[in-house]
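Q: Numbered according to UniProt numbering, the sequence shown spans residues 1 to 704. Cβ coordinates follow ideal geometry from the N, Cα and C atoms, glycine included. Quick one: structure below, then a few questions.
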Amino acid sequence: MDFVITCLPGLAPLLADELAELGMTVTDQGQAHVGITGRQQDALRVCLWSRLAERVLLPLAELTVAPEEAPEKLAAAVDWRALVAPGGAVHLSLDHAKGVRGDSRVSGKRLLRALPPDITVSPRESGASALRARLDSDTARLWLDLAGTPLHRRGYRLAGGRAPLRENLAAALLRAGGWHLEARPELLMDPFCGSGTVLVEAAWMAAGVAPGALRKDYGFLNWRGCRQALAEEALREAAASLENRSPLPALKGFDADPDALKYARHNAERAGVEGAIHLERRELGALRARDFASREGLVVTNPPWGERLDQQEQAGWLYAGLGRLLGEKAPAWRAVLLGAEVTALDRSGMDLEAQWKVRNGALTNFIRVSRPRAPLPLDPLQVGETPGFELPEPAMPLFNRLRKNGKHLRRWIDREDIQAYRLYDRDLPEFNVAVDIYGDQVLVQEFKAPSTVDPEKAAQRRQWAVSATRAALGVHREQVHLRTRERQKGRNQYQKQATQGRFRVVREGQARLLVNLEEYLDTGLFLDHRPMRLRIAEESAGKRFLNLFAYTGAATVQALVGGARRAVTVDTSRRYLDWAGCNLALNGFATDRHPTVRADAMSWLEECREQFDIVFCDPPTFSNNKDRDDFVVQDQHGELIRRIMKRLEPGGVLYFSCNYRRFELEESLRRWYAVEDLTAWSLPEDFRRGGAIHHCFAIRHAQD
């Protein structure tokens, strides 16, 4: 007999391999089906043992006929007495091919009306002989579905949480990664396990449990032509596989959603493998080297990819964070990822071994098998002793100052493991620029000269500044990014300065942060707050953290990397909050659990009822907004701090900072609260040459 085994479009090559391993003779292969020839028991075995199949179809009729005549012709071409017992029920699913006019539901009703009168029609596949039909422009086909309900419904999953993964798609991920082989790794991990489908499928695959072991309802049980003894024997063999299991390797699943983990535990229990799977509530960013203790292992996962554009961008940086984590902690492992966007998958930075394009309902997905890439150490740029090339004489004073500053900072950079720092900040009157290092990139910021300065002379000095910087650091011109800064008014500070920039990743402590050296006035990282961010990382374990006027969320990332159990990020700029979301994703944290809130901080504090253990507040000197009155830090910081202190847990601390150089803390705050001036401490070594660039205070409740 000939049978057609269907699958998700794109999985046919994997299905064909699986069917060959099950002893089937493969005769045909398309995008979403594999043809086999064999005996009745072979079809039953596919129903019970194929992990990738969706349906097992027995061809009943194939006619060359126009669609408008096809329903009745198909009904007349079949010996229904050989298929359905008198009084038996059938369920029909009929599809029109693309280009066939008319309503497929009407065609289906016509076919059913043409059946013998003692055959009843069932609205469900369960408990009925399942029929499937397709009408093309000149061909009509009818099949008997021996599976009945789709084979991906194993019977162990009663709840799946949000966007659950199909069981046969999970099995395809595992097969793509070689988990079906006897020489499988000793550890499998799913860091975004959701309701645990990948883990349960992995356990059953490794233990030799039939994917149909729990199912009691199959289409072949209602097929009059099925030999009862064969069916009973096939069902017994599959059920027995639950008891006669092979030893299982280690299986670990992590997720940030407690409800998803609850579903995963229930699903594992129904599958009989709850004792074999370790499930734990943890985010990707909280995984440590001990979680990858096996020398070789396999990560199989379906990371969240998001529906909105901002979520898709965050998904890309989440893949980047996953690739970096595996490269650092598990470079000898293999990873199998399911994703919807190739550009997002590319962000993982892993070496691609194989890829399958799969149609999953309305979505196009990609299965990727990759090898992590061990990260190369990135030493920050430092100044050499001699120029990298000959400089014009007017550029030499700046080169000499860069060399002097670099020599002063070198030991500090090495000791503190600094990757982003300020090398020069308007030390010389004739060079009104700042030079910042971001890993292997340089940002030269020119402060716009007054209108009294000859534009040609200003341009010449700018060129000398860039040349001196390149010669001092030994970099190519493509590594140098030049900006011109001027006093911003209104909302200009949020506008793009160029059109073709891109994000770069720099490391600060244990955190990775995104900077943009080309598009915006600011890079996304205020270097002078480095000590405060690292202090927050040290103090945040187990704490609730609030970041007000959060900018791109760098302090939030440090709190979470340091072990904060919850973080809330508040800013009025949607652009910066999206940036913050990408920063969180890059470090393995999700905005679902650690929300980014677009709101005016003063108004939000009035409505907030949540308490926090650590608050970081770094308001601008001045800010305007069409939805509220202008904010002036010197005038309004007192009320701002009082509102924050209402949300600060006893024993907690507010770190308040501002860059208004003439700032003076409201005297009444010192009477009501315990205030510690941290300004001198908070200035890092690379910002001490120009005096206090900001003010910083630790504020606690007085009884603390």
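Along the chain, where does the beta strand (DSSP E) containing S241 start, and where does it finish?
A: Within the sequence shown, the letter at position 241 stands for residue 241. Segment: none, S241 is in no beta strand (DSSP E) and carries neither H nor E.
Q: Does any residue of chain B have a CB that is nearer than 7 Å to the CB of Q355?
A: Among the protein chains of the structure shown there is no chain B, as only one such chain exists.
Q: Please check the pair L214 and R154, which I expect to be a contact at CB under 8 Å, by giving their CB distance rounded to whole angstroms.
A: In the sequence shown, counting from the first residue as 1, residue 214 sits at position 214. In the sequence shown, counting from the first residue as 1, residue 154 sits at position 154. Contact holds; Cβ gap of about 6 Å.
Q: If you measure between the beta carbons of A203 and L251, is that distance less than 7 Å?
A: Taking the first residue of the sequence shown as 1, we reach residue 203 at position 203. Taking the first residue of the sequence shown as 1, we reach residue 251 at position 251. Against a cut-off of 7 Å, the Cβ pair of L251 and A203 comes out as a contact.
Q: Taking the alpha-carbon of E482 as reference, which of Q445, R55, A332, A344 has the nearest alpha-carbon?
A: Indexing the sequence shown from 1 puts residue 482 at position 482. According to the sequence displayed, residue 482 carries Leu and not Glu. Answer by Cα proximity: Q445.
Q: Give me the residue from A43, Y655, A320 with the minimum Cα distance to A559.
A: By one-based count along the sequence shown, residue 559 stands at place 559. Of the listed residues, the one whose Cα sits closest to A559 is Y655.
Q: Name the two residues that bound the continuous beta strand (DSSP E) containing D425.
A: Counting from 1 along the sequence shown, the entry for residue 425 is found at position 425. D425 -> beta strand (DSSP E) spans 420-425.
Q: Alpha carbon to alpha carbon, what distance is there between E68 and Y156?
A: In the sequence shown, the residue the question calls residue 156 occupies position 156. In the sequence shown, the residue the question calls residue 68 occupies position 68. Roughly 42 Å between the two C-alpha positions.
Q: Using 8 Å as the cut-off, can you tell me whether the stretch 253-269 makes contact with the stretch 278-287, which would need three or more C-beta pairs spanning the two stretches below that distance?
A: The stretch 253-269 is in contact with the stretch 278-287.
Q: With a threshold of 7 Å on Cβ separation, who are the neighbours of V200 within its own chain once the five nearest residues in sequence on each side are excluded?
A: To locate residue 200, count along the sequence shown from 1; it is residue 200. Y156, N267, A268, A271, V273.
Q: Quick one: what's Q355 bridged to in DSSP?
A: Translated into positions along the sequence shown, residue 355 becomes position 355. The partner list for Q355 (beta bridge, DSSP) reads R368.
Q: Determine which residues share a DSSP beta bridge with L57 and list them.
A: As a working note, residue 57 is residue 57 in the sequence shown. Answer by DSSP bridge pairing, in chain order: V4, D145.
Q: Do you know offhand how far G349's Cα is from G321's?
A: By 1-based counting over the sequence shown, the position of residue 349 is 349. By 1-based counting over the sequence shown, the position of residue 321 is 321. Rounded to whole angstroms, G349 to G321 spans 9 Å at the Cα level.
Q: From V615, L261, L338, pick the residue whose C-alpha is nearest to that of P304; which is it?
A: The residue you call residue 304 lines up with position 304 of the sequence shown. Minimum Cα distance to P304 is reached at L338.
Q: Verify whether the separation of the beta carbon atoms of L287 and P185 is less than 7 Å.
A: Your numbering for residue 287 matches position 287 in the sequence shown. Your numbering for residue 185 matches position 185 in the sequence shown. No, the pair does not count as a contact, with Cβ atoms beyond the cut-off.
Q: Taking one C-beta from the stretch 221-236 and one from the stretch 189-197 each time, how about it: are there three or more such pairs within less than 8 Å?
A: Counting Cβ pairs under 8 Å, fewer than three are found: no touch.
Q: A82: which of C226, L19, R535, R45 sits nearest, CA to CA?
A: Position 82 of the sequence shown, counted from the first residue, corresponds to residue 82. Considering only alpha carbons, the answer is C226.
Q: Nearest by alpha-carbon distance to G474: which of G35, S451, Q441, T484 is it?
A: Here the question's residue 474 lines up with position 474 in the sequence shown. Nearest of G35, S451, Q441, T484 to G474, Cα basis: Q441.
Q: If the criterion is Cβ atoms closer than 7 Å, does the pair G10 and T25 meet it?
A: To locate residue 10, count along the sequence shown from 1; it is residue 10. To locate residue 25, count along the sequence shown from 1; it is residue 25. No, Cβ-Cβ distance for G10 and T25 is not below 7 Å.
Q: Do the stretch 354-367 and the stretch 376-385 meet, that is, are 3 or more Cβ pairs less than 8 Å apart?
A: With a cut-off of 8 Å, the stretch 376-385 and the stretch 354-367 do not count as touching, because too few Cβ pairs lie within range.
Q: Could you compute how far the alpha carbon of S467 sits from the alpha carbon of L428?
A: For this step, residue 467 is matched to residue 467 along the sequence shown. For this step, residue 428 is matched to residue 428 along the sequence shown. When rounded, the distance between both Cα atoms is 16 Å.
Q: Can you give me the start and stop residues for the beta strand (DSSP E) that F589 sits inside?
A: Numbered from 1 along the sequence shown, position 589 holds the residue referred to as residue 589. Element bounds for F589: n/a, residue is neither H nor E.
Q: Mind checking S50: buried by the 16 CB within 10 Å criterion, or exposed?
A: As a working mapping, residue 50 is identified with position 50 in the sequence shown. Label assigned to S50: buried.
Q: If we count the other Cβ atoms within 10 Å of its Cβ and call it buried at 16 or more, is G30 buried or exposed?
A: Position 30 of the sequence shown, counted from the start, is the residue given in the question as residue 30. It counts as exposed.
Q: So the alpha helix (DSSP H) P620 belongs to, where does it begin and stop?
A: Here residue 620 is taken as the residue at index 620 of the sequence shown, counted from 1. It is not in any alpha helix (DSSP H) - P620 carries neither H nor E in the DSSP assignment.
Q: Between which residues of its own chain and A20 is the CB-CB distance below 7 Å, once the five residues before and five after are set aside?
A: In the sequence shown, residue 20 corresponds to position 20, counting from 1. Hits under 7 Å: V26.
Q: Grab the span of the alpha helix (DSSP H) containing Y263 for me, first residue to last.
A: Along the sequence shown, read from residue 1 onward, the residue named residue 263 stands at position 263. Its alpha helix (DSSP H) spans residues 258-271.
Q: Let me make sure I understand the geometry here. Which of T120, T484, E233, V209 has the alpha-carbon closest to that of Y520?
A: On the sequence shown, position 520 is the one that residue 520 refers to. Measuring from the Cα of Y520, the nearest candidate turns out to be T484.
Q: So what's F549 in DSSP terms, helix, strand or just coil?
A: Position 549 of the sequence shown, counted from the start, is the residue given in the question as residue 549. Residue state, collapsed to three classes: coil.
Q: Residue 705: buried (16+ other C-beta within 10 angstroms of its C-beta) or exposed?
A: Nothing can be reported for residue 705: it is not among the residues displayed for the chain, which extend from 1 to 704.
Q: Enumerate in chain order the residues of its own chain whose CB-to-CB distance from L151 is below 8 Å, with the five nearest sequence positions on each side excluded.
A: Numbered from 1 along the sequence shown, position 151 holds the residue referred to as residue 151. Result list for L151: C47, S50, A53, E54, R55, V56, N168, P211, G212, in chain order.
Q: Which residue from F697, A16, A32, F3 puts its Cα closest to that of G361?
A: Your numbering for residue 361 matches position 361 in the sequence shown. Of F697, A16, A32, F3, the residue nearest in Cα terms is A32.
Q: What did DSSP end up calling G652 once you bin it into helix, strand or coil?
A: Start at 1 with the first residue of the sequence shown, and residue 652 comes out as number 652. Strand at G652.
Q: What distance in whole Å lies between the Cβ atoms of D436 and L514, which are believed to be in contact at a cut-off of 8 Å?
A: Start at 1 with the first residue of the sequence shown, and residue 514 comes out as number 514. Start at 1 with the first residue of the sequence shown, and residue 436 comes out as number 436. Not confirmed; about 15 Å, so no contact.
Q: Quick one: which unbroken alpha helix (DSSP H) runs of 4-plus residues sit fully inside the stretch 301-333? Chain order, please.
A: Whole alpha helix (DSSP H) segments, 4+ residues: 309-329.
Q: Measuring straight from C-alpha to C-alpha, what distance separates residue 734 and A585?
A: Examination of residue 734 is not possible in this model, given that the chain is present from 1 through 704 alone.
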